[in-house]
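Taking it in order: structure first as structure tokens, then the write-up.
Residue numbers (our numbering): 2 to 205.
Okay, here's the thing in structure tokens:
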């Protein structure tokens with residue numbers, strides 16, 4: 002796999018691993034073990050970039066993507082029986098299947114609900130939506146990779162609350178991202194994160 006080799010060259014072979022999705026064996030994933038100030042683990046799709054997304058004209062050049070979750074050190078990503086940890090595998094599968102089956106595309110700022118009606122992601126992760134964002138914490142580490150003339154981008158999958166979605170829809174993606182970063186947030190999952198909108202700053 003060319004992307005796996007590119008990551009091995011970027012990070013070292015000991016920091017890159019290929020696995021089958023433990024909940025959906027037909028999906029191949031990659032794991033990146035990254036040493037930042039605080040270590041993180043990245044769980045990423047491995048072949049979504051084989052699919053050329055039918056992007057809008059303004060997004061030409063971003064047709065090829067892989068999507069990922071960035072996990073904190075406390076996250077036991079090998080506990081496949083714990084729904085508070087294993088939901089990442091279900092959603093990586095659902096999101097890849099959705100974009101392929103619907104012949105659609107994901108880009109920065111796109112959002113998706115957890116269901117209809119929306120439900121919390123897990124008992125600990127109370128958010129009910131996801132937003133796709135360009136890497137923030139991993140901006141350097143997950144800069145685009147060029148393989149055989151194809152530029153592959155990396156989109157983080159970030160859980161957000163309903164009031165954060167309202168703010169993003171009302172004020173725009175860039176204002177949401179600025180507020181998100183101002184509140185010291187990034188793509189790393191956090192079971193204990195509260196909304197970036199406190200009572201004084203709520204959109205409505």
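For glycine and all other residues, C-beta sits at the position ideal for the given N, C-alpha and C.
In the DSSP assignment, what are the bridge partners of residue i?
i: residue 233; result: Nothing can be reported for residue 233: it is not among the residues displayed for the chain, which extend from 2 to 205.
i: residue 35; result: 41
i: residue 114; result: 130
i: residue 29; result: 21
i: residue 151; result: 148
i: residue 189; result: 71
Relative to the alpha-carbon of residue i, which residue among the options has its alpha-carbon at the smallest distance?
i: residue 95; options: 110, 141, 46, 79; result: 46
i: residue 145; options: 66, 32, 29; result: 66
i: residue 58; options: 106, 33, 48; result: 106
i: residue 130; options: 156, 142, 154, 165; result: 165
i: residue 239; options: 69, 167, 32; result: There is simply no residue 239 to check, as the chain begins at 2 and stops at 205 in what is shown.
i: residue 49; options: 152, 40, 159; result: 152
i: residue 28; options: 38, 16, 127, 44; result: 44
i: residue 1; options: 12, 189, 193, 177; result: The structure shown does not extend to residue 1, since the chain is modelled only from 2 to 205, so the question has no answer here.
i: residue 21; options: 71, 147, 38, 79; result: 79
i: residue 206; options: 175, 26, 15; result: For the chain, the structure presents residues 2 to 205; residue 206 sits outside this window and is missing.
i: residue 134; options: 53, 149, 148, 176; result: 176
i: residue 139; options: 36, 61, 63, 30; result: 36
i: residue 73; options: 196, 197, 186, 24; result: 186
i: residue 116; options: 97, 137, 55, 92; result: 92
i: residue 195; options: 160, 53, 62; result: 160
i: residue 113; options: 132, 128, 38, 98; result: 132
i: residue 154; options: 118, 62, 90; result: 62
i: residue 242; options: 136, 193, 128; result: It is not possible to answer for residue 242, since the shown part of the chain is limited to 2 through 205.
i: residue 192; options: 77, 183, 199; result: 77
i: residue 52; options: 30, 97, 143; result: 97
i: residue 5; options: 163, 30, 42; result: 30
i: residue 167; options: 24, 110, 149; result: 110
By the DSSP assignment, the alpha helix (DSSP H) with residue i in it spans what residues?
i: residue 89; result: 84–102
i: residue 182; result: 174–183
i: residue 49; result: Per DSSP, residue 49 belongs to no alpha helix (DSSP H) and is neither H nor E.
i: residue 141; result: Looking at the DSSP string, residue 141 is not in any alpha helix (DSSP H), and its letter there is neither H nor E.
i: residue 12; result: 3–12
Mind checking which residues open and close the beta strand (DSSP E) that includes residue i?
i: residue 162; result: First-last for residue 162: undefined, no H or E at that position.
i: residue 67; result: 65–72
| message | Could you check whether the segment 79–94 touches the segment 122–131, counting it as contact only if at least three pairs of C-beta atoms, one from each stretch, sit closer than 8 Å? | response | The segment 79–94, when compared against the segment 122–131, does touch it at the 8 Å Cβ threshold.
| query | With contact counted as at least three CB pairs below 8 Å, one residue from each stretch, are the segment 164–174 and the segment 96–108 in contact? | reply | Under the three-pair Cβ rule at 8 Å, the segment 164–174 does not count as touching the segment 96–108.
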